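First comes the structure, then the notes that go with it.
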Amino acid sequence: MRRFFLIASILCFSTSLFCNAQLKKDTLSAAIPIHQDTIKYLNGKNRWDDFILHNTLINHSTAEPVTEYKINHKKKEVLFYLLCSIVLLMGLLKIFYTRYFNNIFRVFFNSSLRQNQLTDQLLQARLPSLIFNLFFIITGGLYAWLILNNSVTFKNTNNYFILFLCITILAVIYTGKFISLKFIGWLTGLKMPSDTYIFVIFLINKIEGIILLPVVILLAFASPVWVNIISIVSFCILGLLFLLRYVRSYSLLQHQFKFDRFHFLLYILALEIIPIAIICKYLSKFIT
427 MRRFFLIASI LCFSTSLFCN AQLKKDTLSA AIPIHQDTIK YLNGKNRWDD
477 FILHNTLINH STAEPVTEYK INHKKKEVLF YLLCSIVLLM GLLKIFYTRY
527 FNNIFRVFFN SSLRQNQLTD QLLQARLPSL IFNLFFIITG GLYAWLILNN
577 SVTFKNTNNY FILFLCITIL AVIYTGKFIS LKFIGWLTGL KMPSDTYIFV
627 IFLINKIEGI ILLPVVILLA FASPVWVNII SIVSFCILGL LFLLRYVRSY
677 SLLQHQFKFD RFHFLLYILA LEIIPIAIIC KYLSKFIT
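With the first letter of the sequence shown counted as 1, position 153 gets the number 579 in this note's numbering; the numbers rise by one all the way through.
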């Protein structure tokens, strides 16, 4: 049995060798050469960085690189809170003195102030008049400070000290004007005309204080291009109100006593324009 199994195994192995020897070589299929992989292996992060850096649709690699520069942030926190306080004060005045606030504009747009009940109501309201005058002093001083701050470079001077100085100078100017006009009216016996002129001056001042509030906010936070435009527009508005003050005063005073227009013009130059010009000149020398 063992011999038979051994002989059968030898015969099968010999037959397979003979069959393999009889197979012909396949000449139809060409051998595919094996090429070496030249792609460099990149991990996920390097592959993404390389894609971003060399993709011209996303990153303009041919353009010049953007240079970094330091942004000088202007610290305006104090100015912001100051303006918020002024706006809050304006809102409180509008709430508590609504009638007085409305009467200011009614009298302002009324061409005749004589024998007017609204005028009498404004003259009798002493406390609201004082508060609105103080509001004009604050907004007017802040307006002058912002104009100086945008046009003049302060040297070795605290910026907010200049603000305090502008408010103080404006307060001194109109306090001195009020006292001098009262004294002139008492001295010359023209108390009624002097009171009328004082009323017109401070009525226009109250209107200016209200109008200057949005102007001050724009000057504080607008770009330099808009600051120049806003300044020019505000100059025109203030000049118009300044001219209107004297036109209204002249039309009212000429009915109470006779005076020449030339004398009235001399008064404006002597007590209104020249002192302010002298103060501005010395103030500019002080801060520059």
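We treat Cβ as the ideally placed atom computed from N, Cα and C, and that holds for glycine.
Note that the structure is a prediction, hence the values are computed from the model and not measured.
- Under the three-state reduction of DSSP, lysine 502 is assigned to coil, being neither helix nor strand.
- In this structure, Phe625 is the residue among Phe625, Ser606, Val598 with its C-alpha nearest to the C-alpha of alanine 551.
- Taken through DSSP and simplified to helix, strand or coil, phenylalanine 688 comes out as helix.
- The Cβ atoms of leucine 544 and valine 642 lie no closer than 8 Å to each other.
- Glycine 615 carries a coil assignment under DSSP once its states are collapsed to helix, strand and coil.
- With contacts defined by Cβ atoms closer than 8 Å, phenylalanine 561 and leucine 519 form a contacting pair.
- Shortest Cα-Cα distance from tryptophan 571 to any of Leu669, Phe690, Ser657 involves Ser657.
- In the same chain as lysine 617, and ignoring 5 residues on each side of it, the C-beta atoms closer than 7 Å to its own belong to Gly611, in chain order.
- Taking leucine 589 as the centre and dropping the five residues before and after it, the same chain places the C-beta of Trp571 closer than 6 Å to its C-beta, in chain order.
- For asparagine 654, the uninterrupted alpha helix (DSSP H) run begins and ends at 650-679, by DSSP.
- Between leucine 505 and alanine 646 the beta-carbon gap is near 6 Å, inside 8 Å, which marks them as a contact.
- About 6 Å separates the Cβ atoms of arginine 671 and isoleucine 627, confirming a contact at the 8 Å cut-off.
- Cα atoms of serine 677 and proline 619: separation of roughly 12 Å, rounded to the nearest angstrom.
- Sequence-distant partners of valine 653 (beyond 5 residues in either direction) whose C-beta falls short of 7 Å from its own C-beta, in its chain, are Asn576, Leu645.
- For the pair isoleucine 637 and alanine 597, the CB atoms are not nearer than the 8 Å cut-off.
- Phenylalanine 522 is positioned such that its CB atom lies no closer than 8 Å to that of glycine 635.
- In the assembly as shown, lysine 707 is an exposed residue. Its beta-carbon has fewer than 16 other beta-carbons within 10 Å.
- Residue burial is scored here from C-beta neighbours: leucine 514 has fewer than 16 other C-beta atoms within 10 angstroms and is therefore classed as exposed.
- Nearest to serine 675 by C-alpha distance, out of Tyr693, Ser511, Phe609, Glu503, is Tyr693.
- About 14 Å separates the beta carbons of leucine 607 and isoleucine 630, which is beyond the 8 Å limit, so they are not a contact pair.
- Contact annotation, isoleucine 633 with isoleucine 512: C-beta distance approximately 16 Å; criterion of less than 8 Å not satisfied.
- DSSP places alanine 646 in the helix class (H, G or I) of the three-state scheme.
- Nearest to valine 659 by C-alpha distance, out of Glu503, Ile573, Phe690, is Ile573.
- Counting C-beta atoms within 10 angstroms of its own C-beta, tyrosine 526 has 16 or more neighbours from the protein chains shown and is therefore classed as buried.
- Taking all protein chains shown into account, valine 673 has fewer than 16 neighbouring C-beta atoms within 10 Å of its C-beta and is therefore exposed.
- If you check the CB distance, threonine 622 and leucine 679 come in under 8 Å.
- Here DSSP, grouped into helix, strand and coil, assigns alanine 551 to coil.
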